[in-house]
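> From first to last, the protein sequence lines are chains V and U. Taking this note's numbering, the leading residue of the first sequence gets 1, the next gets one more, and so forth. Taking this note's numbering, the leading residue of the second sequence gets 1001, the next gets one more, and so forth. The beta-carbon is built from N, C-alpha and C at its ideal position, and this holds for glycine as well.
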Amino acid sequence: QKEVEQNSGPLSVPEGAIASLNCTYSDRGSQSFFWYRQYSGKSPELIMSIYSNGDKEDGRFTAQLNKASQYVSLLIRDSQPSDSATYLCFEGAQKLVFGQGTRLTINP
Amino acid sequence: DTGVSQDPRHKITKRGQNVTFRCDPISEHNRLYWYRQTLGQGPEFLTYFQNEAQLEKSRLLSDRFSAERPKGSFSTLEIQRTEQGDSAMYLCASSLVVGGEQYFGPGTRLTVT
């Protein structure tokens, strides 16, 4: 089992809808999770960090962490074509492990 | 805040040659990380430094790879006797604290012919 797993997609969402991206992890001791956005040919760009159970909102983005179920999710509200990218889930405290990324396409 | 910078941005080399990449982290960040990313995959951890001390190395980091951060500021990653399998994007990131947010540089794309 990979330490951090994501569905590679592609995930296709109509413009204006909610995009839901999911990630599961194997180490119960993992503490810190991050979501990065990566455009083709570019480096990862930090979107959200989450350290404790529950939801964390920042603008159109909401990160959710459920340590009991060992999953992390990212919701993007009012999706825009500019949100089309690969989204990477990252355990950044103990394992320093990225998921393989989910490719998201927002259709106008 | 000028962000993380990396040099060069692109490097084409022939198999068997040595290459060296440089990373300048965000100035107040004492943690510096190196990752490698191939097409369609997430970045893979290679090594990290706290100040000048190299604290962890991945088993991906063969003995052809060496990294330094001599004065706790910029870092270099050297690959000796490059192989075609070394072709990848090499990413550098820095963070202020352990487990904190990592900010990435633009990467160095290496092509080994």
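Tell me whether the beta-carbon of V1112/U lies closer than 8 Å to the beta-carbon of R1022/U.
Residue mapping note: residue 1112/U aligns to position 112 of the second sequence, counting from 1. Residue mapping note: residue 1022/U aligns to position 22 of the second sequence, counting from 1. Cβ distance not < 8 Å, so V1112/U and R1022/U don't count as in contact.
> Assign G1105/U to one of two classes, buried (16 or more other C-beta atoms within 10 Å of its C-beta) or exposed (fewer than that).
Here residue 1105/U corresponds to residue number 105 of the second sequence, with the count starting at 1. When all chains shown are included, G1105/U counts as buried.
> Looking at the secondary structure, which residues open and close the beta strand (DSSP E) in which S1075/U lies?
Stepping through the second sequence from its first residue, residue 1075/U is reached at position 75. S1075 to I1079 is the span of the beta strand (DSSP E), which, as asked, contains S1075/U.
> Between the Cα of F1049/U and those of A1093/U, M1089/U and F1065/U, spot the shortest distance and give me the residue it belongs to.
Here residue 1049/U is taken as the residue at index 49 of the second sequence, counted from 1. Minimum Cα distance to F1049/U is reached at A1093/U.
> Quick one: which chain V residues come within Cβ less than 7 Å of E1101/U?
Counting from one through the second sequence, the residue named residue 1101/U turns up at place 101. The answer, in chain order, is F34, L46 and S49.
> Leaving out five residues before and five after S84/V in sequence, what residues of the same chain have Cβ atoms less than 7 Å from its Cβ?
Mapped onto the first sequence, residue 84/V falls at position 84. Cβ within range, chain order: L104, T105 and I106.
> If you check the beta carbons only, do G1042/U and F98/V fall under 8 Å apart?
As a position in the second sequence, residue 1042/U is number 42, starting the count at 1. As a position in the first sequence, residue 98/V is number 98, starting the count at 1. Against a cut-off of 8 Å, the Cβ pair of F98/V and G1042/U comes out as a contact.
> Taking S1105/U as the query, report the chain V residues whose CB atoms sit under 8 Å from its CB, ordered along the chain.
The residue given as residue 1105/U occupies position 105 in the second sequence. Looking at the sequence shown, residue 1105/U is not Ser but Gly. Near G1105/U (Cβ distances below 8 Å), the residues of chain V are S43.
> Which residues in chain V sit within 7 Å of F1065/U, going by Cβ to Cβ distance?
As a working note, residue 1065/U is residue 65 in the second sequence. Simply none; closest approach about 16 Å.
> How many angstroms separate the CA atom of A93/V from the CA atom of E1101/U?
Walking along the first sequence from the start, residue 93/V turns up at place 93. Walking along the second sequence from the start, residue 1101/U turns up at place 101. In a straight line, the C-alpha of A93/V is about 10 Å away from that of E1101/U.
> From the DSSP secondary-structure annotation, give me the bridge partner or partners of H1010/U.
Taking the second sequence and counting its residues from 1, the one referred to as residue 1010/U is at position 10. Beta-bridge pairing links H1010/U to R1109/U.
> Please list the segments of the beta strand (DSSP E) lying wholly inside the stretch 44-73 of chain V, counting only runs of 3 or more residues, in order along the chain.
Fully enclosed beta strand (DSSP E) runs of 3 or longer: 45-50, 54-58 and 61-66.
> With DSSP as the reference, please indicate the residues paired to E1068/U in a beta bridge.
Position 68 of the second sequence, counted from the start, is the residue given in the question as residue 1068/U. Bridge partners of E1068/U: T1076/U.
> What residues from the stretch 1037-1051 of chain U come within 9 Å of chain V, judged by C-beta to C-beta, listed N to C?
Under the 9 Å Cβ criterion, the stretch 1037-1051 of chain U contributes Q1037, G1040, Q1041, G1042, P1043, E1044, F1045 and Y1048.
> How should R1009/U be labelled, buried or exposed, when 16 other C-beta atoms within 10 angstroms of its C-beta is the threshold for buried?
Here residue 1009/U is taken as the residue at index 9 of the second sequence, counted from 1. Under this definition R1009/U is an exposed residue.
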